[in-house]
Amino acid sequence: MSRRAMSLVAPWSSRVLSVELDGAHFYFSTREQHRGEEAPRVFREARKDARLYSLLVCGGDRVRRAVCHAQLKDTLLRELPPACHVSPMSSFVPNVRDSLLKGYFLKDHSESASPTERLLRDLSQRDPVFVCSYRKLQEGQLWTQHLWSGAGSPTADMSEDSYVVPSEAPECHPSTLNIINSDVFYSFEEAREVLNKCGDIIPEAMSVLELLPSGAEARSKPDFPVIVIEGLDATGKTTLTESLRDALGASLLRSPPQCLSPMRARFDREPPLIRRAFYALGNYITAEQIGLQGMETPVIVDRFWHSTAAYAIATAVSGQVCNLPAEGSEVYRWPGDLLQPSLVVLLTLEPEERKRRLSNRGQGETEEEKELDHNQLFRLKVETAYQRICGPAFVTVDASPSADQVLQQVLLLIRAKCHL
Ligand SMILES: Nc1ncnc2c1ncn2[C@@H]1O[C@H](COP(=O)(O)OP(=O)(O)OP(=O)(O)O)[C@@H](O)[C@H]1O
Ligand SMILES: Nc1ccn([C@H]2C[C@H](O)[C@@H](COP(=O)(O)O)O2)c(=O)n1
1 MSRRAMSLVA
11 PWSSRVLSVE
21 LDGAHFYFST
31 REQHRGEEAP
41 RVFREARKDA
51 RLYSLLVCGG
61 DRVRRAVCHA
71 QLKDTLLREL
81 PPACHVSPMS
91 SFVPNVRDSL
101 LKGYFLKDHS
111 ESASPTERLL
121 RDLSQRDPVF
131 VCSYRKLQEG
141 QLWTQHLWSG
151 AGSPTADMSE
161 DSYVVPSEAP
171 ECHPSTLNII
181 NSDVFYSFEE
191 AREVLNKCGD
201 IIPEAMSVLE
211 LLPSGAEARS
221 KPDFPVIVIE
231 GLDATGKTTL
241 TESLRDALGA
251 SLLRSPPQCL
261 SPMRARFDRE
271 PPLIRRAFYA
281 LGNYITAEQI
291 GLQGMETPVI
301 VDRFWHSTAA
311 YAIATAVSGQ
321 VCNLPAEGSE
331 VYRWPGDLLQ
341 PSLVVLLTLE
351 PEERKRRLSN
361 RGQGETEEEK
371 ELDHNQLFRL
381 KVETAYQRIC
391 GPAFVTVDAS
401 PSADQVLQQV
411 LLLIRAKCHL
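Residue numbering for the sequence shown follows full-length UniProt numbering, starting at 1 and increasing by one per position.
What follows is the structure, encoded as structure tokens:
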């Protein structure tokens, strides 16, 4: 097989494919010879009149892939006929880090194949997108996969079809495979590299780069304790951090820092790779500020690394809480070049009380906050990830008592653990 043909097959051969439908994952793979397996469930259960397709984003660097994946979704939702159902799909080598390629699986129930196929043909010629269509063979209810010419190539479709067969669920959930340095960044340089690469598509990236400290080289430890307050929105972080500042005569900082506020909304609209790199870098700016303030007074910080990592992990990992990387996974490690606070306090609250406080406050919610509100599962994943992150001393505090009671309890903890 020619090198060109091999590269065309690569996203599928020796890989497992996963389609996410209604929160459940269905796994299958492809095989040149059929060995009597039944068709994978996602094919068996497809409606009789459905035409099935898969699209995977391959090639290019990770910034290009991330942007293309986000744009592809917009294009599909905007331009496909209404009777075409789009689901997330991925291709991966089981349990192999960084092997995940993302895309979409289409079930087209529209009367004519033409509009969908015209759009897919166009996408596969224009973008680093590989397209496959699936065909049901009459004998034995088998399904075959046909790989179209791909990723901007004008070559004819590849002729050899392969069978689709069921595949076992892998030990590590596929959505965990690319977390490191795509969703969570463990060094200043890794995060900065992402923003360096997207300066031409996001002008705000240049402004962020200009605000960064010259490096994240180890500074001397602040003389005074540094206490980070974490928690989901409306758990009382602002209330508590302001009271702690007053009670301890401390400086109050936050992450992302104030200087990034004008750029934040723009990065919140970007794909996870870029958005999470922005928040990761915000921590390094805040760390620099902590280093300065911490020589003069105790420092209280409203959100820091735990927020960056926990929200990123919870968003990246699809499905159930059990799909999260297990406790002790390297995904939960603290970045080696980021200042470690003396104590991290996680405020927890029952969902009903958190919602009551949110509605009392009556402010607008970010998309991620709306997601937290609607999606109990996401909230659980964020809280579980928070608790698994290792590094600095960490304590969970029930935030349901009155604001003053919570303050007194946290002051006791700080005095005990930070000798203040
Ligand atoms: N212990 C408490 N008991 C009752 N209400 C509280 C308590 N702490 C804070 N609140 C109220 O709950 C609301 C949310 O509190 P706050 O703004 O401090 O939360 P937050 O964690 O900073 O939220 P966000 O992350 O969304 O900014 C506010 O209206 C605040 O007055
Ligand atoms: N250090 C931080 C702070 C915040 N984020 C992200 C995580 C959520 O998407 C959102 C919550 O912030 P809030 O709305 O409470 O200001 O911001 C982060 O990744 N890292």
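We treat Cβ as the ideally placed atom computed from N, Cα and C, and that holds for glycine.
What you are looking at is a predicted structure, and each value in this text was computed from that prediction instead of being measured.
Nearest to residue i (by Cα), restricted to the options the options
i           : options            : result
residue 107 : 124, 101, 89       : 89
residue 145 : 17, 119, 252, 360  : 17
residue 256 : 289, 326, 43, 332  : 289
residue 464 : 378, 317, 344      : Summary: the structure shown does not reach residue 464, with the chain confined to residues 1 through 420, and so no result is reported for it.
residue 25  : 109, 323, 265, 382 : 323
residue 224 : 23, 420, 15        : 420
residue 320 : 384, 267, 343, 336 : 384
residue 260 : 292, 270, 207      : 207
residue 304 : 271, 97, 73, 282   : 282
residue 36  : 74, 359, 141       : 141
residue 436 : 249, 126, 390      : Any property of residue 436 remains undetermined from this structure, which presents the chain solely from 1 to 420.
residue 386 : 194, 221, 333      : 333
residue 63  : 33, 196, 302       : 196
residue 329 : 121, 247, 176      : 176
residue 411 : 352, 359, 246      : 246
residue 72  : 51, 407, 105       : 105
residue 160 : 33, 93, 235        : 33
residue 393 : 76, 148, 227, 30   : 227
residue 57  : 69, 48, 49, 46     : 69
residue 187 : 149, 112, 284      : 284
residue 167 : 93, 21, 268, 22    : 93
residue 149 : 131, 20, 137       : 131
residue 350 : 327, 380, 341      : 380
residue 301 : 340, 272, 275      : 340
residue 189 : 231, 262, 280      : 280
residue 234 : 292, 356, 61       : 356
residue 294 : 273, 258, 251, 83  : 251
8 Å contact criterion, which residue i and residue j should meet: CB distance rounded
i           : j           : result
residue 164 : residue 28  : 5 Å
residue 243 : residue 403 : 7 Å
residue 81  : residue 40  : With 8 Å as the limit, residue 81 and residue 40 do not qualify as a contact, their Cβ atoms being about 25 Å apart.
residue 248 : residue 298 : 5 Å
residue 347 : residue 395 : That pair is no contact at about 10 Å.
heavy atom of ligand 2 below 8 Å from residue i C-beta
i           : result
residue 105 : no
residue 233 : yes
residue 83  : no
residue 307 : yes
residue 182 : no
residue 272 : no
residue 312 : yes
residue 279 : yes
residue 391 : no
residue 354 : no
residue 375 : no
residue 283 : yes
residue 276 : yes
Near ligand 1: residue i beta-carbon under 8 Å from a heavy atom
i           : result
residue 302 : yes
residue 240 : yes
residue 351 : no
residue 405 : yes
residue 91  : no
residue 256 : no
residue 361 : yes
residue 236 : yes
residue 358 : yes
residue 50  : no
residue 402 : yes
residue 77  : no
residue 66  : no
residue 247 : no
Residue i - partner residues in DSSP beta bridges
i           : result
residue 180 : 184
residue 481 : In the structure as shown, the chain starts at 1 and stops at 420, and residue 481 therefore has no counterpart that could be examined.
residue 302 : 229, 254
residue 189 : BP columns for residue 189 are empty, so no partner.
residue 453 : Residue 453 lies beyond the residue range present for the chain, which begins at 1 and ends at 420; the question has no answer from this structure.
residue 103 : 56, 89
residue 108 : 51, 84
residue 21  : 24
residue 343 : 227
residue 395 : 345
residue 441 : Because the chain in this structure spans residues 1 to 420, residue 441 falls outside the shown range and cannot be described.
residue 16  : 92
residue 129 : 57
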